[in-house]
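These notes are about the structure you will find just below.
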Ligand code: BGC
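Numbering (my numbering), first residue to last: 1 to 768.
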């Protein structure tokens, strides 16, 4: 059976039992001569990384180099190792992408990775260890991994320090299993909640996403990669992927350079320049008419030359193939590879086309035939090897499975998951202070329309189903007999009885929202994008029936990976708590908020429309986008960016701006007093927005430029100060140069993008 034959048969007929099939021979026919040098320089850890890279590179064949730029699917290796192990044999492979969903816990995952590493080291001439990369955006992707809230939930905390700790835990748990690279954080800006991947993002604002992204990357990467607890971060999807047409995944259009730089590139720039991310994932999307993975302007010009990125670019899944297959900017797969390498892509994610070897073989031939210069290949290989040395892989290719078991899902990590979940919850309404509930309630009607571990865990559900439900959370606060549970079946079959029961209860708590699998990444047969943004119809009908037929105070908790159009709820339901997908400890965190053990502090990182037809609706729209009213809908969002209630209240006073006049290149200090004037301790997110009053190009009506979350006891007052550095005042002028222009800047400070409490201004003088 030839390589290609084996692939064709086994991949297409994956249900065959392959236990007794052995693949004979290595991919080159016979191994090239082994290195004669007993102790080559590249294996000497006392040598500088660059010298080790050059030494190793000088010993490599073109096949070995091409192999370093390829990723093999860890699932093939896990399921059918005997068949696919040849992919790890000489000339080796650069990286393996395992997804551990189906295997037995962290110990098993670590054993498996050790097995891949050992096999690679034993069956390749130069013994280059594998780079193990996978998606760990919410936590280590393994049964038992600590699962944090989805991206929108993390962003709702407005607490970068907390998100840095999340990064640390994700790194600790993943590295303990032998993973080196996470394909995260997701730094796509999106203004379209119809898109299923909205849940993965930090929302609509480039500044908030930048701050959260940098915090996450610092947590993931730590001070050094040569540890047993840090990971390479891979901000994705570079770039413009979140700007999907009609909310449909993979439906793209060109985006102008100005919009790209002002909105979509900003979090990536911060990720590289401030976060020091070591990798970046090239997106599926199209940028200015050129697919991202083929854009030399993007992958080399902006990323490396402008921002000084010194890591490697990994492509998204089959992105290179798509240049030919989907985008039709390459006449053949060979052209596609040539374009991607020339643009600056380094590591190729997976071939599912002609054979698993397709990419490497084509790349080798392109270099042999002189179509691609070997120097270009060398440069990409250097970037991968450098990281492998920086990770200390040549010295420590293996991990301890026992240790992995101890580290993953530890109590300390779960505590952090609980805190992040608490801070991710956004209280949207609390008329008549229905919340918090007293523990002394004598009866609770609990209506379960979506109290489901999948809705709680999001994508993490694929590998961890231990999540705490809301009902479990509530039952940890009050005794079981006080809680009467109803579900949609009760309303269908026993409506009268159900309503009577609710009428007799002190409070009705409905858990509603989207099933977990309504958001996430969409592909054919696995749809996650929506054309509507309503609550499932039966849920709304049940909530309306409760509202119309009972007098019981009503609380609706919504679990959803996207903002929904909930105008009716917003008008009629006194208490609404928005929970996104809050992760492993979500149900407990929700109960903490419902019973006042945690005072909600989450703020929306994305606007909520009244109706789907308003999309895109976002706060930082341009001057002159007058947004005249629709005939049938308001112009403003239902809940705006930055919005969220607390059980206490905060007063703002004493805004000071110093100096009031600055020269170009100087910064401004803005301070404000914030006082907790309620009866409970609580956290306020103080938000600073800026408007460049007159500029050479059209500017947004306001832009978030700074924020701070402050926790205050009742009666406590704090002075919160922000430094508005020149970059926060800058814009891209008509020549696309980043400058600060003279003129007036309006400062708006408040509790949301709409709830502005104090305003002031300062002047910038000088010439740009
Ligand atoms: C997604 C990426 C992900 C990759 C590997 C792709 O389809 O777009 O976000 O990292 O799969 O799982």
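Ideal Cβ placement from N, Cα and C applies to all residues, glycine included.
Please read all numbers here as calculations on a predicted model, not as lab measurements.
Alpha-carbon spacing of residue 48 relative to residue 347, whole angstroms: By one-based count along the chain shown, residue 48 stands at place 48. By one-based count along the chain shown, residue 347 stands at place 347. Taking the straight line joining both Cα atoms gives about 24 Å.
Distance cut-off 7 Å: residue 183 Cβ against heavy atoms of ligand 2: Absence of ligand 2 from the depicted structure is noted, with ligand 1 being the only ligands included.
Range covered by the alpha helix (DSSP H) that runs through residue 492: Numbered from its first residue, the chain shown carries residue 492 at position 492. Counted as a single uninterrupted DSSP element, the alpha helix (DSSP H) harbouring residue 492 occupies residues 488-493.
First and last residue of the uninterrupted beta strand (DSSP E) at residue 671: Taking the first residue of the chain shown as position 1, residue 671 is located at position 671. Counting along the chain, the unbroken beta strand (DSSP E) around residue 671 starts and ends at 668-676.
Per-residue DSSP class, three states only, for residue 681: By one-based count along the chain shown, residue 681 stands at place 681. In the structure shown, residue 681 sits in coil (DSSP, three-state: anything other than H, G, I, E or B).
Contacting residues, own chain, Cβ-Cβ under 6 Å from residue 629 (five flanking each side not counted): For the purposes of this step, residue 629 is identified with residue 629 of the chain shown, where counting begins at 1. Excluding residues within five positions, the ones whose Cβ falls inside 6 Å are 635.
The segment 68-81 in contact with the segment 92-99 per 3-pair CB rule at 8 Å: With the cut-off at 8 Å, the segment 68-81 and the segment 92-99 touch.
CB of residue 283 within 8 Å of CB of residue 316, strictly: Locating residue 283 in the chain shown gives position 283, counting from the first residue. Locating residue 316 in the chain shown gives position 316, counting from the first residue. Between residue 283 and residue 316, the CB-CB gap stays under 8 Å.
Distance cut-off 7 Å: residue 192 Cβ against heavy atoms of ligand 1: The count along the chain shown starts at 1 and reaches residue 192 at position 192. No - ligand 1 has no heavy atom lying nearer than 7 Å to the Cβ of residue 192.
Pick from 202, 394, 659 and 608 that is closest to residue 638, judged by C-alpha positions: Residue 638 sits at position 638 when you count from the first residue of the chain shown. When each option's Cα is compared against that of residue 638, the closest is 608.
Complete alpha helix (DSSP H) runs within the segment 584-672 (minimum length 4 residues, chain order): For the segment 584-672, whole alpha helix (DSSP H) runs of length 4 or above, ordered along the chain, are 586-594.
Residue 388 beta carbon near ligand 1 (any heavy atom closer than 7 Å): Numbered from its first residue, the chain shown carries residue 388 at position 388. The nearest non-hydrogen atom of ligand 1 is 7 Å or more from the C-beta of residue 388.
Among 546, 274, 563 and 699, nearest to residue 488 - alpha-carbon criterion: Counting from 1 along the chain shown, the entry for residue 488 is found at position 488. Cα-wise, what sits closest to residue 488 is 546.
Any non-hydrogen atom of ligand 1 within 7 Å of residue 286 CB: Start at 1 with the first residue of the chain shown, and residue 286 comes out as number 286. Distances between the C-beta of residue 286 and the heavy atoms of ligand 1 are all 7 Å or more.
Integer-rounded CB distance, given that residue 590 should sit under 8 Å from residue 557: Position 557 of the chain shown, counted from the first residue, corresponds to residue 557. Position 590 of the chain shown, counted from the first residue, corresponds to residue 590. Sure, about 6 Å apart at Cβ, within 8 Å.
Counterpart residues of residue 181 in DSSP-defined beta bridges: Along the chain shown, one-based indexing puts residue 181 at 181. 133 and 232.
Cβ-Cβ distance between residue 243 and residue 530 below 8 Å: Taking the first residue of the chain shown as position 1, residue 243 is located at position 243. Taking the first residue of the chain shown as position 1, residue 530 is located at position 530. It is not a contact, given that the beta carbons lie outside the stated cut-off.
Selected residue, minimal CA-CA separation from residue 710, among 690, 600 and 729: Within the chain shown, residue 710 is the residue found at index 710, counting from 1. Residue 710 has its Cα closest to that of 600, out of 690, 600 and 729.
heavy atom of ligand 1 below 7 Å from residue 521 C-beta: What you label residue 521 is simply residue 521 of the chain shown in a count that begins at 1. Yes, Cβ of residue 521 sits closer than 7 Å to a heavy atom of ligand 1.
Local conformation of residue 430 per DSSP, three classes: For the purposes of this step, residue 430 is identified with residue 430 of the chain shown, where counting begins at 1. The three-state reading of DSSP puts residue 430 in strand, counting E and B together.
Own chain, CB closer than 7 Å to residue 380, minus 5 neighbours either side, in chain order: Taking the chain shown and counting its residues from 1, one reaches residue 380 at position 380. Beyond the five residues adjoining it in sequence on each side, residue 380 comes within less than 7 Å, by CB distance, of 69, 341 and 346 in the same chain, given in chain order.
Uninterrupted alpha helix (DSSP H) stretches inside the segment 258-314 (no shorter than 4 residues): Segments of the alpha helix (DSSP H) lying fully in the segment 258-314: 266-273.
Alpha-carbon to alpha-carbon, residue 417 and residue 446: Reading the chain shown from its first residue, position 446 is the one you call residue 446. Reading the chain shown from its first residue, position 417 is the one you call residue 417. The straight-line gap from Cα to Cα measures roughly 25 Å.
Any non-hydrogen atom of ligand 1 within 7 Å of residue 236 CB: The residue labelled residue 236 in the question sits at position 236 within the chain shown. Indeed, a heavy atom of ligand 1 lies less than 7 Å from the Cβ.
Length of the line joining the Cα atoms of residue 779 and residue 263: Since the first and last residues shown for the chain are 1 and 768, residue 779 lies out of range.
Nearest candidate by alpha-carbon position, reference residue 555, set 158, 549, 672 and 512: Working through the chain shown from its first residue, we reach residue 555 at position 555. Shortest Cα-Cα distance from residue 555 to any of 158, 549, 672 and 512 involves 512.
Beta-carbon spacing of residue 271, residue 187 below 8 Å: Along the chain shown, one-based indexing puts residue 271 at 271. Along the chain shown, one-based indexing puts residue 187 at 187. Yes, Cβ-Cβ distance for residue 271 and residue 187 is below 8 Å.
Reduced DSSP category for residue 756 - H, G, I as helix; E, B as strand; rest coil: Translated into the one-based positions of the chain shown, residue 756 becomes position 756. Looking at residue 756 - three-state DSSP - the assignment turns out to be strand.
Other residues of its chain near residue 182: CB distance less than 8 Å, five sequence neighbours each side excluded: Counted from its first residue, the chain shown places residue 182 at position 182. Excluding positions up to five away in sequence, the list reads 133, 134, 135, 136, 137, 170, 171, 174, 220, 231, 232, 233 and 234.
Reduced DSSP category for residue 762 - H, G, I as helix; E, B as strand; rest coil: Position 762 of the chain shown holds residue 762. Annotated three-state conformation of residue 762 is strand, per DSSP.
Cβ-based burial, residue 146 [other Cβ within 10 Å; buried from 16]: Your numbering for residue 146 matches position 146 in the chain shown. By the neighbour-count criterion, in which 16 or more other beta carbons inside 10 Å mark a residue as buried, residue 146 falls on the buried side.
Ordered list of beta strand (DSSP E) runs contained in the segment 391-419, each at least 3 residues: Within the segment 391-419, no complete beta strand (DSSP E) segment of 3 residues or longer occurs.
Residue from 550, 520 and 386 whose Cα sits closest to the Cα of residue 506: As a working note, residue 506 is residue 506 in the chain shown. If we check each option's Cα against that of residue 506, 550 comes out closest.
Residue 73 CB to nearest heavy atom of ligand 1 below 7 Å: As a first step, residue 73 is located in the chain shown; it is residue number 73 there, counting from the start. For ligand 1, not one heavy atom lies less than 7 Å from the Cβ of residue 73.
Residues of its chain near residue 439, where Cβ-Cβ distance is below 7 Å and the 5 sequence neighbours each way are ignored: Against the chain shown, residue 439 aligns to sequence position 439. Counting only residues of its own chain and dropping the five nearest sequence neighbours on each side, residue 439 has a CB closer than 7 Å to the CB of 477, 478 and 595.
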